[in-house]
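Undergrad: Below is one structure. I have some questions about it.
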Amino acid sequence: MLIDTHAHVNFNAFKNDGEEVIKRALADNVWLVNVGSQYSTSARAVKIAQQRERGVYAAIGMHPIHLGSEKFQTSVDKNEEVEFETREEEFSREKYEALISHPKTVAVGEIGLDYYHNISNKEQQKKLFLEQINLAAEHQKPIIVHCRDAHNDVLEILEEKQKEYGNRLRGVVHSFSGRLAQAERYVKLGFYLGFNGIITFARDYDKVISNVDLGNLLTETDCPYLTPVPFRGKRNEPLYVKYVVEKLAEIKNLPVEKISEATFENARELFNI
Ligand code: NI
């Protein structure tokens, strides 16, 4: 069994064939967590999860880029330039609370800080992050953290908040993009690090992956984005998480079986599934 702990089959990129994409994944023993980025995509993630007895779960939350309405251009490399537009949202605790109580909701996310896309509203981003950390801890749910160019601030917040909540504050730093020293601070907090297709075409995280215990790693795709080799240039999907598992095995010099078993168990433990 494999698990894609960060998928967005709830996004418009899968509007026409999301059902087929999920069927393909489940038929190949790949479970998934669809992650929300604002209220509408969070609600859709819950709705999709409701349709299956097991194997498909939801995370609900408001990503910091939805603090404003903007057009962004993000580029991973020449094979992937993504343009997207965000719709501004005002965070409503009541609305997210209604989603969090659904039995298939396994986490609050994706939430966090993104200074890469917008550095002008740091304080607003921190406030939004804190509100959702509180929401998660009060409902005993882990968090899925999005962090771009902001690891020191994220770490400071988590270290501070863990003094208050202890091990009720748990989670994963998805698409980990920090250095080894930062990885070690997350691990010390009991957090997991999520890796995706980036590791199949960039060598930046080999050192982190080699040094961090397998017990702290999670696998993800972040589909429709970050498609792994050999499908660069095409839309990503949960099925392709196997290429991430294979690469982790190669970097850690362990059998693929061992990586899939451990990362699957890690996810079940964190998300209580
Ligand atoms: Ni994402």
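Residue numbers (this note's numbering): 0 to 272.
Idealized CB from N, CA, C, for every residue including glycine.
Note that this is a predicted model, so its numbers are computed, not measured.
Can you check DSSP and say which residues form a bridge with T104?
TA: One-based indexing of the sequence shown puts residue 104 at position 105. In DSSP, T104 forms a bridge with A57.
Undergrad: What is the DSSP secondary structure of L1, reduced to helix, strand or coil?
TA: In the sequence shown, residue 1 corresponds to position 2, counting from 1. Strand, per DSSP.
Undergrad: Taking the alpha helix (DSSP H) that I143 belongs to, which residues open and close that run?
TA: Counted from its first residue, the sequence shown places residue 143 at position 144. No alpha helix (DSSP H) holds I143; the beta strand (DSSP E) holding it covers 142-147.
Undergrad: If distances are taken between C-alpha atoms only, which option among S36, S119, K103 comes closest to I143?
TA: For the purposes of this step, residue 143 is identified with residue 144 of the sequence shown, where counting begins at 1. I143 has its Cα closest to that of S36, out of S36, S119, K103.
Undergrad: Drop a sphere of 10 angstroms on the beta-carbon of A180, count the other beta-carbons inside from all chains shown, and report buried for 16 or more, exposed for fewer.
TA: Translated into positions along the sequence shown, residue 180 becomes position 181. It is exposed - the Cβ of A180 has fewer than 16 other Cβ atoms within 10 Å.
Undergrad: So, L192 versus L217, is the Cβ gap smaller than 8 Å?
TA: For the purposes of this step, residue 192 is taken as the residue at position 193 of the sequence shown. For the purposes of this step, residue 217 is taken as the residue at position 218 of the sequence shown. Yes, they are a contact pair.
Undergrad: Can you give me the Cβ contacts of A182 inside the same chain, cut-off strictly under 8 Å, excluding the 5 residues immediately before and after it?
TA: Within the sequence shown, numbered from 1, the residue matching residue 182 stands at position 183. Taken in chain order, the residues that qualify are F175, L192, V207, N210, V211.
Undergrad: Applying the criterion that 16 or more other CB atoms from any shown protein chain within 10 Å of the CB defines a buried residue, is V228 buried or exposed?
TA: For this step, residue 228 is matched to residue 229 along the sequence shown. Answer is exposed; the Cβ neighbour count stays below 16.
Undergrad: Taking DSSP as the reference, what is the three-state secondary structure of I272?
TA: One-based indexing of the sequence shown puts residue 272 at position 273. The answer is coil: DSSP assigns I272 none of H, G, I, E or B.
Undergrad: Verify whether the separation of the beta carbon atoms of R169 and P141 is less than 8 Å.
TA: The sequence position of residue 169 within the sequence shown is 170, counting from 1. The sequence position of residue 141 within the sequence shown is 142, counting from 1. Yes, they are a contact pair.
Undergrad: Can you have a look at A97 and say buried or exposed, based on whether 16 or more other CB atoms are within 10 angstroms of its CB?
TA: Your numbering for residue 97 matches position 98 in the sequence shown. Result: exposed.
Undergrad: Buried or exposed: D203, going by 16 or more other Cβ atoms within 10 Å of its Cβ?
TA: Along the sequence shown, one-based indexing puts residue 203 at 204. Under this definition D203 is an exposed residue.
Undergrad: Going straight from the alpha carbon of T85 to that of N11, what length do you get?
TA: For this step, residue 85 is matched to residue 86 along the sequence shown. For this step, residue 11 is matched to residue 12 along the sequence shown. C-alpha separation (whole angstroms): 13 Å.
Undergrad: Hey, is D221 close to the ligand NI, as in C-beta under 7 Å from one of its heavy atoms?
TA: Walking along the sequence shown from the start, residue 221 turns up at place 222. Yes - the ligand NI has a heavy atom lying nearer than 7 Å to the Cβ of D221.
Undergrad: Taking the Cβ atom as the reference point for each residue, do C222 and E236 lie within a distance shorter than 8 Å?
TA: Working through the sequence shown from its first residue, we reach residue 222 at position 223. Working through the sequence shown from its first residue, we reach residue 236 at position 237. Contact flag set, yes.
Undergrad: Is the segment 31-45 touching the segment 245-264, taking contact as three or more C-beta pairs under 8 Å?
TA: Because the criterion of three Cβ pairs below 8 Å is not met, the segment 31-45 and the segment 245-264 do not touch.
Undergrad: With DSSP collapsed to three states, give me the class of V228.
TA: Walking along the sequence shown from the start, residue 228 turns up at place 229. Coil, per DSSP.
Undergrad: Please report the distance separating the alpha-carbon of E163 from that of A136.
TA: Start at 1 with the first residue of the sequence shown, and residue 163 comes out as number 164. Start at 1 with the first residue of the sequence shown, and residue 136 comes out as number 137. Those two C-alpha atoms are separated by around 10 Å.
Undergrad: Any heavy atom of the ligand NI within a distance shorter than 7 Å of the CB on V278?
TA: No answer is possible for residue 278: the residues shown for the chain start at 0 and end at 272.
Undergrad: Could you check whether the segment 18-25 touches the segment 125-139, counting it as contact only if at least three pairs of C-beta atoms, one from each stretch, sit closer than 8 Å?
TA: The segment 18-25 vs the segment 125-139: no contact.
Undergrad: When the Cα atoms are used, what is the spatial distance from G189 to L1?
TA: As a first step, residue 189 must be located in the sequence shown, where it is residue number 190. As a first step, residue 1 must be located in the sequence shown, where it is residue number 2. Roughly 22 Å separates the two Cα atoms.
Undergrad: Please check the pair A48 and K103, which I expect to be a contact at CB under 8 Å, by giving their CB distance rounded to whole angstroms.
TA: Looking up residue 48 in the sequence shown gives position 49. Looking up residue 103 in the sequence shown gives position 104. About 4 Å separates the two Cβ atoms, so the contact holds.
Undergrad: Using a Cβ-Cβ cut-off of 6 Å (strictly less than) and excluding sequence neighbours within five positions of T199, which residues of its own chain qualify?
TA: If you number the sequence shown from 1, residue 199 lands on position 200. Same-chain partners within the cutoff: P227, V228, Y242, K246.
Undergrad: Using 7 Å as the cut-off, classify the Cβ of E109 as near or not near the heavy atoms of the ligand NI, replying yes or no.
TA: Along the sequence shown, one-based indexing puts residue 109 at 110. Yes; taking the cut-off as 7 Å, the Cβ of E109 has a heavy atom of the ligand NI nearer than that.
Undergrad: Please report the distance separating the alpha-carbon of R53 from that of T262.
TA: Counting from 1 along the sequence shown, the entry for residue 53 is found at position 54. Counting from 1 along the sequence shown, the entry for residue 262 is found at position 263. R53 and T262: Cα-Cα distance of roughly 18 Å.
Undergrad: Can you check whether the CB of H145 is closer than 8 Å to the CB of I110?
TA: Reading the sequence shown from its first residue, position 111 is the one you call residue 110. Reading the sequence shown from its first residue, position 146 is the one you call residue 145. Yes, these two residues count as a Cβ contact at 8 Å.
Undergrad: Within its chain, find whatever has a CB closer than 6 Å to the CB of G67; leave out the 5 residues flanking it on each side and keep chain order.
TA: By one-based count along the sequence shown, residue 67 stands at place 68. Correct list, in chain order: E87.
Undergrad: Verify whether the separation of the beta carbon atoms of H65 and H173 is less than 8 Å.
TA: What you label residue 65 is simply residue 66 of the sequence shown in a count that begins at 1. What you label residue 173 is simply residue 174 of the sequence shown in a count that begins at 1. No. Outside cutoff.
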